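Chemist: One structure, as structure tokens, below. Some questions next.
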Amino acid sequence: MLLAETILASGGHAPGVEHVAPADIMTPADRYQELFVAVQSGRIFPDSKSFVDCVPRRAPDAILRAYRAGNAAAGFDLSRFVAENFTPEPVVASRYVSDPGQSLAAHIDGLWGVLSRHPDDHAAHGSLLPLPHPYVVPGGRFSELYYWDSYFTMLGLAAGGKHRLLHAMADNFSFIIQAYGHIPNGNRSYYLSRSQPPVFALMVGLLERHGLRQAVRYLPDLLREYDYWMDGADGLCPGEARRHVVCLPDNMLLNRYWDDRDTPREEAYCEDVATAAAGTRPAADIYRDLRAGAASGWDFSSRWLGSPDDLSSIRTTAILPVDLNSFLHLLERQIERLSRLAGDEARAVLFHRRAAIRRRAIDRYFWQPEQGAFVDYDWALMRHRPQVTAASAVPLYVGLASHHQAHRVAATLAERLLLPGGLATTEQHSIQQWDRANGWAPLQWMAIHGMRRYGLYAQARDLSHRWLATVAGLYAREAKLVEKYAIGSAPDGLGGGGGEYPLQDGFGWTNGVTRMLLADYADHHAHHARAGRVRH
């Protein structure tokens, strides 16, 4: 039985962590039904995420009964009803004021407290899933814990010596896996139907490298995460797919992104309804692929689209992503290593075999010698995706590429994706935020350390310096770090654009990657950047 079921059976508390607030795992759409649709469709809030993050002022069932009893009456005012019955999520108070003379590293270290949330912050009956320990959120509209964001945030915690918070983050993810059987996109009830890139094995390795916790204690969590991603694999025939698993014509198994629901994302309800209305496929198929695109972390990108200018052409579930399968290869290797440490040689042998099989499948289905890159594979159309993306660096990051492949990839990235301000996300210009010429901190980090892993130190240093110059440029001008950067011209620090929402300040993974790179490159001029002091 999952811990979530135990929590519910015990009155809403996890055994052994009684201080954790009661959990409500019903999503706002399920909880409020036609009221939810009316609020979102009526644009009571300009951002679809606002309502699903609201906290009810009384019991949700009573609110729904009141709406059903009164919404047809003359003069009923939906906006007033919502204001009377819901409180927008409270903004966490902060006394933080950026010092105009503060260095970039000091600024980042000062932000961890601003971006931290605590168990006592969880309000009852809202969509926020309670956690037992403090955690760091990205910032801006993202006021909850996100899965793959957090690993890159944790790099900065490690670099800044915030070991207690680093430890707490990992234990929160352990709690989540035990409670729900997987790590959702974020700790919101409306994120439970999907996950994100599986990087918990990387978090465990980070703690181990810093001497904070023996990794073997997380082995049961890693096994449970692996089971989640491979659920449905048994009995698949060639050409069949079930949830995250696809069986290819040669009986090899690879993974895709998936969401168990085929309805509009609750946090982007109006946007998804509009996208589906513009498409030619069944709305449920488009909704599923939008959700799966969100599960990828690349929401959204021409990487997932049939036509780069048409979001309704999204077909995420038809695409096998090279980065996802690289992370799962790392997970298999981590389970093998920790099983051996735990004295379970049979399981170690099993996972050694699984990792070797996946490694061969990655070579067969993702490596393209003509392009000198790992590219995604369209299993529905049985052909490679046409463009090179920054995801090609992930096989280097996790160490599964050969020496020859790593050097070819580094050369291809330099030729096709390297821009003045860093590594572009894709080759395709579009209105989507995970496309050229936006640059994202996690992609820079994985490319930099992937190249370092194979002895490509000059290339890694060059990319690091470009990215640090970009981040420092905006910091010197505007005294902040942001979610993504425009990197197509000179690295003078411009915020990125595109996507479904405005550029967000904060920002967790930018802070984390930048802080660690500053520690790695003590001679970079970014150390001399000061808030609001642009050199002319």
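Throughout the sequence shown, residue numbering follows this note's numbering, covering 108 to 643 in sequence. Note that the Cβ used here is the ideal one computed from N, Cα and C, for glycine as well. Given the structure is predicted, the values throughout are model-derived calculations rather than measurements.
The beta strand (DSSP E) spanning I421 covers which residue range?
Modeler: Where I421 is concerned, the enclosing beta strand (DSSP E) stretches over 417-421.
Chemist: Are the beta-carbon atoms belonging to Q147 and Y376 less than 7 Å from one another?
Modeler: Closer than 7 Å, so yes.
Chemist: State the start and end residues of the unbroken alpha helix (DSSP H) segment that holds V159.
Modeler: Its alpha helix (DSSP H) spans residues 155-159.
Chemist: Given a cut-off of 7 Å on the beta-carbon distance, is the pair W616 and W405 in contact?
Modeler: No, Cβ-Cβ distance for W616 and W405 is not below 7 Å.
Chemist: Mind checking which residues open and close the alpha helix (DSSP H) that includes N432?
Modeler: Run containing N432: 429-448, per the alpha helix (DSSP H) assignment.
Chemist: Exposed or buried, what is E373 when buried is set at 16 or more other beta-carbons lying within 10 Å of its beta-carbon?
Modeler: The residue is buried, with at least 16 neighbouring Cβ atoms inside 10 Å.
Chemist: Along the chain, which unbroken stretches of the beta strand (DSSP E) at least 3 residues long are found entirely within the region 454-540?
Modeler: Within the region 454-540, no complete beta strand (DSSP E) run reaches 3 residues.
Chemist: Say whether the region 392-412 touches the region 363-370, bearing in mind that this needs 3 or more beta-carbon pairs closer than 8 Å, one atom from each stretch.
Modeler: Yes: at least three Cβ pairs fall under 8 Å.
Chemist: In terms of alpha-carbon separation, which member of D137, G529, W474 lies closest to A576?
Modeler: When only C-alpha atoms are compared, the closest one is G529.
Chemist: Look up D379 in the DSSP assignment and say whether it is helix, strand or coil.
Modeler: Residue state, collapsed to three classes: helix.
Chemist: So, at 6 Å on beta carbons, what are the nonlocal neighbours of A498 in its own chain, with the 5 sequence-adjacent residues on each side left out?
Modeler: So the list reads V429, D430, once near-sequence residues are dropped.
Chemist: Suppose contacts are defined by Cβ-Cβ distances below 7 Å. Is V495 in contact with R461 by that definition?
Modeler: Contact: no.
Chemist: Let me check understanding here. Comparing Cα to Cα, which of G613, S210, L437, L438 lies closest to F249?
Modeler: Of G613, S210, L437, L438, the residue nearest in Cα terms is G613.
Chemist: Check V243 in the structure and name its three-state DSSP category.
Modeler: It is a strand residue.
Chemist: Apply the 10 Å Cβ neighbour rule to K357 and answer buried if 16 or more other Cβ atoms are within range, or exposed otherwise.
Modeler: This sequence places Asp at residue 357; Lys is not what is there. Exposed, since its Cβ has fewer than 16 Cβ neighbours within 10 Å.
Chemist: Within its chain, find whatever has a CB closer than 8 Å to the CB of L329; leave out the 5 residues flanking it on each side and keep chain order.
Modeler: Same-chain partners within the cutoff: F307, A308, V311, L438, Q441, I442, L445.
Chemist: Going by C-alpha to C-alpha distance, which of A567, Q611, E477, G386 sits closest to L550?
Modeler: The candidate whose alpha carbon is nearest that of L550 is A567.
Chemist: Kindly provide the ranges of any alpha helix (DSSP H) runs that are 4 or more residues long and lie completely inside the region 274-338, ordered along the chain.
Modeler: As far as the region 274-338 is concerned, its whole alpha helix (DSSP H) runs of at least 4 residues are 307-316, 326-337.
Chemist: Which value, in whole angstroms, describes the spacing of the CA atoms of S300 and A340?
Modeler: Straight-line Cα distance between these residues: approximately 18 Å.
Chemist: Using the Cα positions of L581 and K587, report the straight-line distance between them to the nearest angstrom.
Modeler: Rounded to whole angstroms, L581 to K587 spans 7 Å at the Cα level.
Chemist: Could you tell me which of P609, S509, L625, G562 sits nearest to P476, measuring between CA atoms?
Modeler: Minimum Cα distance to P476 is reached at S509.
Chemist: Can you find the residues in the same chain that come closer than 7 Å, C-beta to C-beta, to S186, ignoring five residues on each side of it along the sequence?
Modeler: Cβ neighbours of S186 beyond the five flanking positions: I151.
Chemist: Taking the straight line between their C-alpha atoms, what separation do you get for A579 and G600?
Modeler: Rounded to the nearest angstrom, the two C-alpha atoms are 7 Å apart.
Chemist: Can you confirm whether the region 258-271 touches the region 212-223 when touching is taken to mean that 3 or more C-beta pairs between the two stretches lie within less than 8 Å?
Modeler: Output reads yes: the region 258-271 touches the region 212-223.
Chemist: Alpha carbon to alpha carbon, what distance is there between Q478 and E112?
Modeler: Residue placement at E112 is poorly supported in this model, since its pLDDT is 47, which falls under 50; the coordinates are not used for a value here.
Chemist: With 16 as the cutoff for other CB atoms within 10 Å, does T519 come out buried or exposed?
Modeler: So T519 counts as buried.
Chemist: Quick check: the region 343-350 against the region 269-278, are there 3 or more CB pairs under 8 Å?
Modeler: At 8 Å Cβ cutoff, the stretches do not touch.
Chemist: Helix, strand or coil: how does DSSP classify R622 here?
Modeler: In this structure, R622 counts as helix in the three-state DSSP scheme.
Chemist: Y333 to R584, Cα distance in whole Å?
Modeler: Distance between the alpha carbons of Y333 and R584: 44 Å.
Chemist: Assign V127 to one of three DSSP states: helix, strand, or coil.
Modeler: V127 falls in the coil class under three-state DSSP.
Chemist: Tell me whether I538 is buried or exposed, calling it buried when 16 or more other Cβ atoms sit within 10 Å of its Cβ.
Modeler: So I538 ends up on the exposed side.
Chemist: Per DSSP, D612 is paired with what?
Modeler: Its beta-bridge partners are V589.
Chemist: Could you please give the first and the last residue of the uninterrupted beta strand (DSSP E) stretch that includes S257?
Modeler: Premise fails: S257 lies in the alpha helix (DSSP H), 254-266, not in any beta strand (DSSP E).
Chemist: How would you call D160, buried or exposed, if buried means at least 16 neighbouring beta carbons within 10 angstroms?
Modeler: Buried.
Chemist: Quick one, which of R295, I283, R175 has its alpha-carbon nearest A231's?
Modeler: If we check each option's Cα against that of A231, R295 comes out closest.
Chemist: State the start and end residues of the unbroken alpha helix (DSSP H) segment that holds S414.
Modeler: Where S414 is concerned, there is no enclosing alpha helix (DSSP H), although the beta strand (DSSP E) it sits in stretches over 412-414.
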